[in-house]
Structures are given as C-alpha cells and as structure tokens.
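Asks: First to last, the sequence lines map onto chains A and B. The opening residue of the first sequence carries number 576 in my numbering; numbering runs sequentially from there. The opening residue of the second sequence carries number 576 in my numbering; numbering runs sequentially from there. Please see the structure below; I have some questions.
Protein chains: 2
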Amino acid sequence: MALYVYKFGGTSVGSVERIQAVAEKVKQAHDAGDQIVVVVSAMSGETNRLIGLAKQIQVQPTEREIDVLVSTGEQVVVALLSMALHELGCGACSYTGGQVKILTDSSHTKARIRKIDDDRIHADLAQGKVVVVAGFQGVDEAGNITTLGRGGSDTTAVALAAALKADECLIFTDVDGVYTTDPRVEPKARRLGRITFEEMLEMASLGSKVLQIRSVEFAGKYNVPLRVLSSFTDGCGTLITYEEDAVESALISGIAFNRDEAKLTITGVPDLPGVAYKILGPIADANIEVDMIVQNIAADASTDFTFTVHRNDYLRAKAILAQTSAELGARAVSGDDQIVKISIVGVGMRSHAGIASTMFKALAAENINIRMISTSEIKISVVVDEKYLELAVRTLHAAFGLESA
Amino acid sequence: MALYVYKFGGTSVGSVERIQAVAEKVKQAHDAGDQIVVVVSAMSGETNRLIGLAKQIQVQPTEREIDVLVSTGEQVVVALLSMALHELGCGACSYTGGQVKILTDSSHTKARIRKIDDDRIHADLAQGKVVVVAGFQGVDEAGNITTLGRGGSDTTAVALAAALKADECLIFTDVDGVYTTDPRVEPKARRLGRITFEEMLEMASLGSKVLQIRSVEFAGKYNVPLRVLSSFTDGCGTLITYEEDAVESALISGIAFNRDEAKLTITGVPDLPGVAYKILGPIADANIEVDMIVQNIAADASTDFTFTVHRNDYLRAKAILAQTSAELGARAVSGDDQIVKISIVGVGMRSHAGIASTMFKALAAENINIRMISTSEIKISVVVDEKYLELAVRTLHAAFGLESA
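In structure tokens form, the structure reads like this:
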C-alpha cells in the first residue's frame with residue numbers, strides 16, 4: 576500500500592463538474608488500495624474576486640486580513656470535494672491549513688512552512704478515509720491565518736508529502752508534463768518521462784511555468800518524488816527525482832527561453848575594484864532585479880559591463896545607468912530590449928565535454944549572432960535578437976536530438 | 576468607558592458600500608471612547624449560494640462539510656470589515672469562531688455554544704482595537720468547524736456579550752425596533768422603547784421575526800440588555816431587558832399574529848385518562864408540531880378536543896386524526912385552515928385583572944367570532960376566521976391604547 580499526495584489547481588476544481596471529476600479520479604486511486612491525501616487550490620478566479628473586493632475597500636489591504644479573506648477560497652473547495660467523495664461512497668474528511676495544522680511563520684501573504692502536525696491525517700488514513708487539505712494556507716504560533724503566496728498550494732502538497740513520507744507527490748495541472756521546450760515554438764517538442772530536480776529548477780526559473788520554484792526546491796530538499804501530470808487526460812506525466820542513472824540520461828533535457836528580457840551595457844568603465852558594485856548598487860536600490868551579468872576585461876585597463884533586466888524595468892534601469900556612467904567617467908551606455916534568453920539545460924553536461932561548442936556551432940550555422948553567454952554547471956544561456964527566438968529554439972532542439980526519445 | 580457588542584446581519588453587510596457604512600458607524604462609537612466588539616453575518620445571499628453548490632454535489636450534503644463550507648461566508652466579511660476600519664484609521668482585528676475561540680458541542684449545522692475564550696478579545700480591546708468576530712460559527716473540542724444554525728449570528732453576539740460582561744448587545748437589522756404590531760396591518764403601530772425578555776419571547780414565537788428566539792432566551796438567561804435597531808437610520812431602537820418598573824409598564828406591549836395556522840377538532844371522544852396522548856401521539860410521531868391545544872369536557876362523559884397545526888401540515892394531520900377517530904370511536908373530525916391566531920402580550924397582565932374581558936368585548940363589538948382561546952401568564956391568544964385578521968388587530972390595538980406612547 577502506497578501513500579500519495581495529489582494536488583489539484585484552480586482550473587482543475589473550477590466548477591462543480593470538475594470537482595466531481597477530481598473526486599472520481601481520487602476514488603479510483605483509493606479503490607486501488609492506496610492511501611490518498613488531496614491538496615486543492617481555490618476555484619479558478621475566486622482568489623482574484625476576493626482580492627478585488629478587498630481593493631475596493633483598501634488600496635493596500637492589510638496583509639493579515641487578506642489572508643483571512645483569501646483562505647476562504649480553498650476552504651470552500653475542500654468541503655465541496657469531500658462532499659463529492661461522500662456522494663461516490665468514499666470516506667473523506669476536509670481540513671483547513673489551521674486544522675491540520677500547518678504551522679508557518681507570521682509573514683502574512685508570503686508565509687513559510689515551519690512544521691506540519693500529521694497526527695489527524697494519519698489517523699484518518701488509518702481509518703481508510705481520503706484526507707482533503709486546503710492548499711496555500713497555514714496558521715502561525717498565535718493562531719493567525721497565513722497564506723504561502725501565489726502558487727503556494729504546490730508547496731503545501733510537497734510539504735505534506737515530505738511530512739507524511741509519501742511515496743510520491745502528484746501535481747495535477749492543465750499540461751500533461753514537462754516538455755523538452757515550449758510546443759508552441761517547436762511542435763516536435765517531446766514530453767520528458769523524467770527530469771532531475773536541478774534541471775527542473777533551471778527550466779522553471781527560465782520560464783517553463785509548470786511548477787512553482789519553491790515547491791521544486793522543497794521537493795528536492797526533502798527528496799520527495801514529484802510528478803507533473805494532466806487533470807483532464809490520462810498519462811503518467813513527468814517524474815521529477817534525483818539523478819539515479821547518469822549514464823543513461825540524455826546530454827540535454829530541455830530548452831528554456833525567456834522573452835521578457837532587456838540588456839544594458841556600459842562601456843569604457845575604469846577597471847577598478849568595486850566597479851561592479853558601483854554599477855549594480857543603484858539598480859538594486861531601485862528594486863530592479865538583474866538576471867545575467869557579464870563583464871569583459873579590455874586591454875586598455877577599462878572594462879565593458881553588460882547585464883539583463885526584466886523588459887518592464889528597461890527604461891528605468893537605463894536612466895539610472897546613464898547617471899552612474901557620468902559619475903564613473905565611463906565611455907557610453909547602450910541597451911536593447913528586443914532580445915531573448917535561450918538556455919539549454921541538462922545534468923549530462925557535468926560528464927560530457929563539447930556541449931557548448933555544439934550549441935554555438937548550431938547557432939552559427941543558422942547565422943544567429945550570440946550577444947551574451949552565461950554558463951552554470953547544468954545550463955548554458957545565450958542572449959540573441961528576439962527575431963531569432965523560434966529559429967534558435969528549433970535549431971537547438973534538433974542539434975541535441977530532443978525530438979527522439 | 577462602556578463595552579458594547581454590535582451585531583450586523585447579512586443585509587447590513589450585503590455589499591462593499593454597506594460594509595463601509597458599518598465601519599463608519601463602528602468607528603463613531605469607538606471614537607466616542609467605548610470598547611466595541613462587532614459580530615457579523617455573511618453577505619446576504621452568500622450562505623444560500625454556498626448551500627446551492629453543495630446541493631449540486633450531494634442531495635443531503637454531509638453536515639460536517641456544510642459547516643466547513645458555509646462558515647467561509649462570515650470569514651469573508653470579518654476580513655473586509657476589518658480592512659474598512661483600517662482604511663478609516665481605526666485599529667481592528669478579525670477572528671473566526673475557531674480563533675476566538677467559541678467552543679460548541681459537535682452537533683454540526685445546529686451546534687450550541689459551551690464556552691467562550693475571551694482572552695484575545697480582551698487583549699485587543701485593551702490595545703484600543705475594535706474586535707470583529709464571525710457570527711454563526713464555532714469549533715468543537717476536536718477542532719472541527721461547527722455552525723449554530725440559521726440566525727445563529729444573533730446568538731454569537733449575545734453569547735459574546737454575556738462572556739465579556741458587555742453593557743449592551745446591539746442587534747442592527749433592517750427594522751428600527753420592535754413594534755406594538757405589524758405596521759403593514761395597523762399603520763398606527765408604534766415602536767416600543769422598551770420590552771421585557773418574556774414579552775419579546777412571546778412576540779417572537781408568535782410571528783414577529785425581528786430576533787431569533789434562541790438569542791432572546793440566551794440574553795434573558797445571562798441578563799444581557801439587548802437592543803434592536805436599524806443599520807440604515809439613526810434612532811435608539813427597542814431595548815429588551817428585565818422588567819424593572821412594573822408600575823409604569825403598559826398593560827399590553829403588543830399584538831402578535833400568525834397566519835400560518837389551521838385548526839382540527841375531534842368531537843365525541845370517550846373522556847378517559849390518556850385520551851389526549853392517544854390523539855396527539857400519532858400527530859407527534861408524524862413530526863407535526865402542535866401549537867394551541869384546547870379540551871372541553873362535555874356533559875355526556877365524552878369530550879371535544881381541538882388543536883392547531885402549521886397550515887402546511889393540515890391535510891396530513893387531518894388524515895391521521897380520522898384514523899385515530901375510528902380507533903377511539905369518536906363522533907366526528909372537523910377542521911379549518913382559514914383561521915389565524917391573534918395574541919395580546921404584556922407583563923402588565925400579571926398585576927391587572929380584566930384584560931381578557933377587554934379583549935373579548937372589543938372583538939364582540941365588531942362581531943368577530945372567537946373560535947378558540949388559550950392563555951398563558953403574559954399572553955392571551957384567540958383564533959378567529961382569517962378574514963377578520965386586520966380588523967381584529969386594529970380593534971385590539973385601539974382597545975388597549977397602543978397607538979399613544
């Protein structure tokens with residue numbers, strides 16, 4: 576007998592009919608003899624509706640009260656899903672985050688889980704019941720309701736799976752798994768049967784929005800096997816685990832990309848210690864997040880410094896940089912907001928040389944000019960002109976043989 | 576400095592604008608230097624919406640889950656009202672029933688309050704905050720969410736007022752107080768400045784649906800002064816307390832009536848011990864509630880027995896009675912569902928004779944035939960043909976001088 580944590584997002588529980596379909600799926604697994612804990616989000620649209628009400632009252636709603644308000648969204652769904660299970664003759668019991676209890680710190684609207692009390696859940700499971708838990712929410716030491724922030728239901732599911740030592744945490748969503756790249760860009764993109772936590776983290780942070788980064792970090796930290804699969808179709812999805820058999824693993828698992836980037840360059844900066852801080856300090860002070868950073872040392876004791884920011888922050892960052900340039904006596908400031916970042920991700924890189932040159936050769940063959948390069952242990956990112964995005968992704972997908980299994 | 580518990584029903588918090596208006600009213604009282612605890616219901620319509628969702632899933636929804644579901648309605652309002660108070664610069668903090676905590680038994684959907692923990696509320700009040708509590712809900716020993724049943728927010732308010740030893744419990748509603756009778760029947764009906772708990776109980780159970788009976792019983796038991804007043808207009812409403820000054824109190828406080836009655840008579844029943852049980856036992860077994868009961872002893876050792884039931888139960892009760900009649904060898908069964916009950920209520924009856932004869936004389940002067948009479952310590956009820964309802968109420972209103980203060 577295995578213990579599974581199932582998590583269903585807002586779209587999967589967006590109507591009475593869909594809640595009934597979720598109940599059918601859960602009952603099948605329960606009938607097969609497994610112990611099932613279900614974590615659910617609010618019905619799609621409900622959290623935004625509630626926040627809309629709050630904003631009619633307060634421009635900046637009190638965070639403690641926002642948590643009291645929005646946590647009702649998941650509470651409604653745990654009750655309805657338990658009823659749907661009862662209607663199918665399947666024993667079930669609902670719990671709010673506070674009832675479980677999922678103890679968090681007191682950072683309202685972005686709380687972090689500290690501890691989970693699993694006594695009631697184990698008692699219910701032992702009685703053959705399905706346990707239905709409200710995602711996204713918890714309670715602090717003083718008994719105040721907290722929420723984990725957007726997407727926090729994934730984190731609830733993984734944390735529960737870790738606390739209960741579940742065999743697997745299954746995240747049901749509106750996609751049927753993690754793909755080698757976005758199928759809208761490369762129709763030959765293939766669903767991965769397996770991917771490592773590290774690869775998933777690189778894929779997620781680079782724009783493949785299948786799972787919340789925090790839940791993947793959490794799953795990796797507590798070694799909870801995580802499976803992403805579709806609520807609406809059958810299939811075994813993508814399993815995210817630790818690398819078990821490096822020999823068989825592909826060189827590259829997937830290609831991520833991010834359209835929301837813009838790049839800024841300051842040239843002819845006197846190459847003195849502390850110059851990077853002098854350039855990026857004012858940017859950070861303005862609350863602008865910096866992604867890639869590249870610095871070349873020039874021959875004439877000056878340096879060129881390039882970094883990327885979110886496209887929405889481009890003009891603001893450029894104005895700050897112009898100011899810095901004048902202060903540092905740099906030569907010029909330039910920038911471009913028509914660029915994209917493309918990354919190849921794979922733990923296979925660790926043990927195989929020549930991945931970077933394969934990448935650069937494939938792009939060169941298509942006359943795609945690389946504007947920036949940045950590497951980490953399991954990924955290589957390049958910045959290219961936005962117009963080359965689709966061509967570059969398809970070229971790399973073919974170059975690394977991702978279309979075949 | 577006084578401590579008040581304010582209670583606002585679903586209509587009073589039915590929209591963002593109305594919640595803001597409630598916040599203004601509460602802030603005024605708080606600014607005047609009083610300590611305020613506010614109890615709120617769900618926005619009007621919300622509880623029915625949630626139950627509607629449940630009934631799409633289960634014909635007989637699981638009661639534990641119904642409580643988890645509908646308790647979200649008040650939780651939304653406590654958060655929004657706290658925000659509205661913050662927006663006005665007034666410190667406030669929201670609590671669910673479970674957070675207060677309001678400990679109840681485990682009778683889901685109709686739980687009874689056992690104990691209220693007032694530590695957090697007193698701590699917040701001491702800090703100058705308004706405390707906003709979700710009505711209608713509590714939590715049992717095991718931490719399950721419970722609800723007190725329809726209208727339970729009034730009970731929450733009174734129970735909190737008792738636990739906190741509040742100076743007064745103010746129930747804001749859509750009427751501006753308790754009237755001598757229904758103003759739609761007698762336009763000269765006058766708002767009472769004061770009424771006793773016992774009178775209010777008789778008025779409420781007789782069809783003046785201003786307050787939930789249970790909350791009035793509770794207020795009486797714990798001697799919590801209760802005030803009914805309007806959310807939408809200014810005014811001091813009606814204060815419900817113990818009789819303090821019987822000399823000044825009017826003979827009659829008000830005239831209640833009930834259109835939903837039907838009467839049934841069984842005549843010529845052998846007058847033997849246990850005959851009342853033989854007649855009413857089968858009615859009770861069929862879950863039909865009996866209101867008035869009158870028995871006349873006839874000269875010929877037989878008896879006539881008359882009782883009233885809800886008009887919806889008339890045909891069912893009549894069929895049962897026909898069966899009983901055959902078994903007992905009674906003479907006949909008759910009935911009438913075109914009757915109404917009219918009652919005069921007043922603690923003044925206790926110390927004044929002649930009230931009944933004044934009533935009967937006034938009705939006789941208008942040729943209104945009395946079909947049944949029943950009396951208690953502080954009320955006299957008569958059954959008359961439905962067509963006389965308005966005339967009878969207006970006649971009695973004038974006969975007891977209720978239009979003048």
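Glycine included, every Cβ here is placed at the ideal spot set by N, Cα and C.
1) Which residue spans inside the segment 843 to 915 of chain A form an unbroken beta strand (DSSP E) run of at least 3?
2) Taking a Cβ distance cut-off of 7 Å, strictly less, list which residues of the segment 655 to 668 of chain B are near chain A, in chain order.
3) Which runs of the beta strand (DSSP E), 3 residues or longer, sit entirely within the segment 595 to 628 of chain A?
4) Out of A:Gly829, A:Ile914, A:Asp693 and A:Ala629, which has the shortest C-alpha to C-alpha gap to proline 758 (chain A)?
5) Tell me the DSSP secondary structure of phenylalanine 747 (chain B) in three-state form.
6) I'd like to know if valine 653 (chain A) contacts chain B, where contact means its C-beta is closer than 8 Å to some C-beta of that chain.
7) Please say whether lysine 582 (chain A) and glycine 710 (chain A) have beta carbons closer to each other than 8 Å?
8) Since glutamate 621 (chain B) meets chain A, which of its residues come closer than 7 Å, beta carbon to beta carbon?
9) Give the range of the alpha helix (DSSP H) segment to which arginine 700 (chain B) is assigned.
10) Taking its Cβ as the centre, do 16 or more other Cβ atoms sit within 10 Å of threonine 529 (chain B), making it buried, or is it exposed?
11) Can the beta-carbon of alanine 598 (chain A) be found closer than 8 Å to that of leucine 700 (chain A)?
12) Closer than 8 Å, CB to CB, is valine 599 (chain A) near chain B or not?
13) Considering Cα atoms alone, identify which of B:Leu625, B:Val614 and B:Leu578 is closest to histidine 605 (chain B).
14) Residues of chain B with CB closer than 7 Å to the CB of leucine 628 (chain A), please, in chain order.
15) Would you check if the distance between the CB atom of aspartate 715 (chain B) and the CB atom of aspartate 749 (chain B) is smaller than 8 Å?
16) Can you tell me where the alpha helix (DSSP H) with isoleucine 930 (chain B) in it begins and where it stops?
17) Checking contacts by CB at 8 Å: is tyrosine 963 (chain B) closer than that to chain A?
18) Exposed or buried, glutamate 864 (chain A), counting other C-beta atoms within 10 Å across all chains shown (16 or more means buried)?
19) Quick one, which of A:Thr933, A:Val591 and A:Val884 has its alpha-carbon nearest arginine 624 (chain B)'s?
20) Nearest chain A C-beta to isoleucine 815 (chain B) closer than 8 Å, yes or no?
21) DSSP three-state call for valine 645 (chain B): helix, strand or coil?
22) Would you say isoleucine 930 (chain A) reaches chain B, if we count a Cβ-Cβ gap shorter than 8 Å as a contact?
23) The beta strand (DSSP E) with arginine 969 (chain B) in it runs from where to where?
24) Check whether the Cβ of glutamine 712 (chain A) lies closer than 8 Å to any Cβ atom in chain B.
25) Classify serine 587 (chain A) as helix, strand or coil using the three-state DSSP reduction.
26) Can you give the Cα-Cα distance for valine 645 (chain A) and glycine 648 (chain B), rounded to whole angstroms?
27) Does any residue of chain B bring its CB to less than 8 Å from the CB of glycine 703 (chain A)?
28) So within the segment 750 to 787 of chain B, which uninterrupted alpha helix (DSSP H) runs reach at least 4 residues, ignoring any that extend past its ends?
29) Please list, in chain order, the chain A residues whose beta carbon lies closer than 8 Å to that of isoleucine 632 (chain B).
30) Terminal residues of the continuous beta strand (DSSP E) containing glutamine 712 (chain B)?
31) Just by C-beta distance, which residues in the segment 639 to 652 of chain B are closer than 7 Å to chain A?
32) List, in order along the chain, the chain A residues whose C-beta lies closer than 7 Å to that of glutamine 674 (chain B)?
33) Are the segment 906 to 915 of chain A and the segment 855 to 872 of chain A touching by the rule of at least three beta carbon pairs closer than 8 Å?
34) Going along the segment 790 to 812 of chain A in order, which residues come within less than 9 Å of chain B, judged by CB to CB distance?
35) Within the continuous alpha helix (DSSP H) that includes glycine 718 (chain A), where are the two ends?
36) Report the rounded CA-to-CA distance for valine 922 (chain B) versus isoleucine 594 (chain B), giving the unit in angstroms.
Replies: In short:
1) Taking 3 residues as the shortest admissible run, the segment 843 to 915 of chain A contains the following complete beta strand (DSSP E) segments, listed from N- to C-terminal end: 865 to 872, 877 to 885 and 907 to 911.
2) Listed in sequence order: Leu655, Ser657, Met658, Ala659, His661 and Glu662.
3) Runs found: 610 to 615.
4) The count along the first sequence starts at 1 and reaches residue 758 (chain A) at position 183. With distances taken between Cα atoms, proline 758 (chain A) lies closest to A:Gly829.
5) Within the second sequence, the letter at position 172 stands for residue 747 (chain B). Three-state DSSP puts phenylalanine 747 (chain B) in a strand.
6) Within the first sequence, numbered from 1, the residue matching residue 653 (chain A) stands at position 78. Chain B contact via Cβ: present.
7) Residue 710 (chain A) sits at position 135 when you count from the first residue of the first sequence. Residue 582 (chain A) sits at position 7 when you count from the first residue of the first sequence. It is a contact, given that the beta carbons lie within the stated cut-off.
8) Locating residue 621 (chain B) in the second sequence gives position 46, counting from the first residue. Chain A residues near glutamate 621 (chain B): none, gap ~10 Å exceeds 7 Å.
9) Counting from 1 along the second sequence, the entry for residue 700 (chain B) is found at position 125. According to the sequence provided, residue 700 (chain B) is leucine. The question's arginine does not apply to it. Leucine 700 (chain B) -> alpha helix (DSSP H) spans 694 to 701.
10) In the structure as shown, chain B starts at 576 and stops at 980, and residue 529 (chain B) therefore has no counterpart that could be examined.
11) Position 23 of the first sequence, counted from the first residue, corresponds to residue 598 (chain A). Position 125 of the first sequence, counted from the first residue, corresponds to residue 700 (chain A). Cβ atoms of alanine 598 (chain A) and leucine 700 (chain A): not closer than 8 Å.
12) Start at 1 with the first residue of the first sequence, and residue 599 (chain A) comes out as number 24. The residue you asked about is not valine; residue 599 (chain A) is glutamate in the sequence shown. With 8 Å as the cut-off, glutamate 599 (chain A) does not count as an interface residue toward chain B.
13) In the second sequence, residue 605 (chain B) corresponds to position 30, counting from 1. The residue with the shortest Cα to Cα distance from histidine 605 (chain B) is B:Leu578.
14) Position 53 of the first sequence, counted from the first residue, corresponds to residue 628 (chain A). Within chain B, the residues placing a beta-carbon under 7 Å from that of leucine 628 (chain A) are Val591 and Leu655, ordered along the chain.
15) One-based indexing of the second sequence puts residue 715 (chain B) at position 140. One-based indexing of the second sequence puts residue 749 (chain B) at position 174. Not closer than 8 Å, so no.
16) Reading the second sequence from its first residue, position 355 is the one you call residue 930 (chain B). Element bounds for isoleucine 930 (chain B): 930 to 940.
17) As a working mapping, residue 963 (chain B) is identified with position 388 in the second sequence. With its beta carbon at least 8 Å from every one in chain A, tyrosine 963 (chain B) lies outside the interface.
18) In the first sequence, residue 864 (chain A) corresponds to position 289, counting from 1. Glutamate 864 (chain A) should be labelled exposed.
19) Against the second sequence, residue 624 (chain B) aligns to sequence position 49. Checked all of A:Thr933, A:Val591 and A:Val884; the closest Cα to arginine 624 (chain B) is A:Val591.
20) On the second sequence, residue 815 (chain B) is found 240 positions in, with the first residue counted as 1. Isoleucine 815 (chain B) does not count as touching chain A.
21) Taking the second sequence and counting its residues from 1, one reaches residue 645 (chain B) at position 70. Secondary structure of valine 645 (chain B) (DSSP, three-state): helix.
22) Taking the first sequence and counting its residues from 1, one reaches residue 930 (chain A) at position 355. No - not a single Cβ of chain B is within 8 Å of the one on isoleucine 930 (chain A).
23) Indexing the second sequence from 1 puts residue 969 (chain B) at position 394. Unbroken run through arginine 969 (chain B) is the alpha helix (DSSP H), 964 to 974; no beta strand (DSSP E).
24) Counted from its first residue, the first sequence places residue 712 (chain A) at position 137. Chain B, which has no Cβ nearer than 8 Å to the Cβ of glutamine 712 (chain A), makes this no.
25) Locating residue 587 (chain A) in the first sequence gives position 12, counting from the first residue. Collapsing the DSSP output to three states places serine 587 (chain A) in coil.
26) As a position in the first sequence, residue 645 (chain A) is number 70, starting the count at 1. As a position in the second sequence, residue 648 (chain B) is number 73, starting the count at 1. Distance between the alpha carbons of valine 645 (chain A) and glycine 648 (chain B) is about 12 Å.
27) For this step, residue 703 (chain A) is matched to residue 128 along the first sequence. For glycine 703 (chain A), the answer is no, since every Cβ of chain B falls outside 8 Å of its Cβ.
28) Counting whole runs of 4 or more residues, the segment 750 to 787 of chain B contains the alpha helix (DSSP H) stretches 772 to 780.
29) Sequence index remark: in the second sequence, residue 632 (chain B) carries index 57 (1-based). Taking the beta carbon of isoleucine 632 (chain B) as reference, the chain A residues within 8 Å of it are Val591, Ile594, Gln595, Leu655, Met658, Ala659 and Glu662, listed in sequence order.
30) Numbered from its first residue, the second sequence carries residue 712 (chain B) at position 137. Glutamine 712 (chain B) -> beta strand (DSSP E) spans 712 to 714.
31) Contact residues of the segment 639 to 652 of chain B toward chain A are Glu640, Val643, Leu644, Thr647, Gln650 and Val651 (C-beta to C-beta distance below 7 Å).
32) On the second sequence, residue 674 (chain B) is found 99 positions in, with the first residue counted as 1. Here the neighbours are Gly718.
33) No: the two stretches stay apart, fewer than three of their Cβ pairs being nearer than 8 Å.
34) Residues passing the 9 Å Cβ filter: none.
35) Looking up residue 718 (chain A) in the first sequence gives position 143. Where glycine 718 (chain A) is concerned, there is no enclosing alpha helix (DSSP H), given that its DSSP letter is neither H nor E.
36) As a working mapping, residue 922 (chain B) is identified with position 347 in the second sequence. As a working mapping, residue 594 (chain B) is identified with position 19 in the second sequence. Looking at the two C-alpha atoms, the distance is approximately 38 Å.
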